[in-house]
Each structure stands twice: as C-alpha cells, then as structure tokens.
Amino acid sequence: MPSIKLKYRYFICAIIWAVLIFYLSSIPDLKSSLPSLYDLISRKLAHISEYAVLSYLIARGLNSRKNEAVAGAVVLAIAYSLSDEQHQVYVPGRKGSPIDIFIDAIGVYLGMVIFLKQAPLSLKSKIKKTAHRLRSGQIF
Numbered sequence: 085m086p087s088i089k090l091k092y093r094y095f096i097c098a099i100i101w102a103v104l105i106f107y108l109s110s111i112p113d114l115k116s117s118l119p120s121l122y123d124l125i126s127r128k129l130a131h132i133s134e135y136a137v138l139s140y141l142i143a144r145g146l147n148s149r150k151n152e153a154v155a156g157a158v159v160l161a162i163a164y165s166l167s168d169e170q171h172q173v174y175v176p177g178r179k180g181s182p183i184d185i186f187i188d189a190i191g192v193y194l195g196m197v198i199f200l201k202q203a204p205l206s207l208k209s210k211i212k213k214t215a216h217r218l219r220s221g222q223i224f
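For the sequence shown, our numbering gives the first residue as 85, with consecutive numbering after it.
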C-alpha cells in the first residue's frame, strides 16, 4: 500500500492536471491546421487521454481501498467533465457537448482499467516478499 505522502503527491498531480484541462478549455475558438476528420479524431483522443490520466491520478491519490478509489475517481472525474463542458459554454467560440462527456467517460474507464491492472503486480510483490521472509526465517 503506497504511503500517505505518495498518495498526496498523486492527488496534487490530479489537481494540477485538472487545472491544465481547465486552461485548455479556456482557449477561445481553438483552431487546428489538420484536415477536418483528423482534427476531430485528434480532439476526441485528447479528451480520452486527458480524462484517463485525470481519473488514474485521482484513484491513486484517494486514501482508500481499490473499489472505493475507483468509485471516487469515477464520480470526481465525470463531475469534472460535466463542469468542464458547462465552462466551455461561456468561452467564446467553444461549446459544451454531451458527446464530449461520453468521450471523457471512455477516458475515465480507460484510466480505471489501467489503475486496476496494477493490483496483480502489487499482490505479486507482496507474495514474493512474504516468500522471501519465509525462506530466510523471518516468519516463524
């Protein structure tokens, strides 16, 4: 289990990442030199990536069990997505989109898959440490 200090670092990184998302959403009338289809794909991939990272950082930063961390990260990241799309309504040349919220949710899902895939690795390391302690006589 990561230390409290490490969890705070992840949570601080999540806050910094959320500020970056807010900043990018505040840029009025964001233009791209890419052809329209490539522009659309790159923007949607950016949404997925932004929210995968955000939800992962939140989950790592929450000081709770894995299931509680996932639930908390999903709720916070989706709530942030909703507020971000609402924020874009007030930015000139931007508009909030329910489709973007759905795409953000895909990113949140991806972030949680990555977060949960780490569980077997940490379990494996605990088993190895316990086996080593058993072999070296530190237990019993």
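Every residue gets a Cβ at the ideal spot worked out from N, C-alpha and C, and that includes glycine. Owing to the predicted nature of the structure, the values given are computational and were not obtained by experimental measurement.
Rounded to a whole number of angstroms, what is the C-alpha to C-alpha distance between residue i and residue j?
{"i": "G221", "j": "S209", "result": "18 Å"}
{"i": "I100", "j": "R219", "result": "44 Å"}
{"i": "A161", "j": "K212", "result": "34 Å"}
{"i": "L194", "j": "A136", "result": "6 Å"}
{"i": "V158", "j": "H216", "result": "37 Å"}
{"i": "K54", "j": "K150", "result": "With the chain running from 85 to 224 in the structure shown, residue 54 is simply not present."}
{"i": "S139", "j": "T214", "result": "31 Å"}
{"i": "V197", "j": "L124", "result": "25 Å"}
{"i": "S148", "j": "P119", "result": "45 Å"}
{"i": "D113", "j": "G191", "result": "23 Å"}
Quick check on the burial criterion: 16 or more other C-beta atoms within 10 angstroms. Buried or exposed for residue i?
{"i": "I96", "result": "exposed"}
{"i": "Y164", "result": "buried"}
{"i": "I111", "result": "exposed"}
{"i": "F199", "result": "buried"}
Segment contact flag, the segment 136-147 with the segment 169-178, C-beta cutoff 8 Å, min 3 pairs: Verdict: no, contact absent.
Those runs of the alpha helix (DSSP H) which lie wholly inside the segment 150-216 and span at least 4 residues: Taking only runs of at least 4 residues, the alpha helix (DSSP H) segments lying wholly in the segment 150-216 are 150-173.
Every unbroken alpha helix (DSSP H) within the segment 92-155, with a cutoff of 4 residues, ordered by chain: List check, alpha helix (DSSP H) in window: 120-145.
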